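A quick write-up on the structure given underneath.
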Amino acid sequence: MVDETGTELTGGGYARQAATMTATGAEARLTADETFDVPAGETVAGWRAFSASTAGTNYGGGDLTAETYTGAGQYVLEADTGFDVSVPA
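Using UniProt numbering, the first residue of the sequence shown is number 1, and each one after it goes up by one.
Below is the structure:
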């Protein structure tokens, strides 16, 4: 999950989630809902797919309607959310 500047969230209980995706050509889609803990004071404005739980290759993602969390909460990225895979050179 990223904020409105594209910076990945940090702190609280936030962590990247291992996800299963299906791929058709260059498009990948989640096969199940993924729930993320969001720390208080953060804004969720997008998501990214990475090759590892820390660091790793950013394969792309998508923008979301920005949602600011005044208290800690959870964001559910719904199954079938998809994106065009972009592999950096």
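C-beta: ideal position from N, C-alpha, C; glycine also. Only a predicted model underlies this, so the values are computations on that prediction, with no experimental measurement involved.
### Message
Just to confirm before moving on: does the CB-CB distance between Gly60 and Phe36 stay below 8 Å?
### Response
no
### Message
Counting C-beta neighbours from all protein chains within 10 Å, is the total for Ala26 16 or more, i.e. buried, or is it exposed?
### Response
Ala26 counts as exposed, since fewer than 16 other C-beta atoms from the protein chains shown sit within 10 angstroms of its C-beta.
### Message
Using a Cβ-Cβ cutoff of less than 8 Å, which residues in the same chain neighbour Asp63 once the five nearest sequence positions on both sides are dropped?
### Response
The answer, listed in chain order, is Ala45 and Gly46.
### Query
What residues match up with Tyr75 in a beta bridge as DSSP calls it?
Phe36
### Start and end residues, beta strand (DSSP E) containing Val85
Element bounds for Val85: n/a, residue is neither H nor E.
### Query
Sorted by chain position, which residues of the same chain lie with C-beta nearer than 8 Å to Phe50's C-beta, five sequence neighbours on each side aside?
Arg16, Gly56, Thr57, Asn58 and Tyr59
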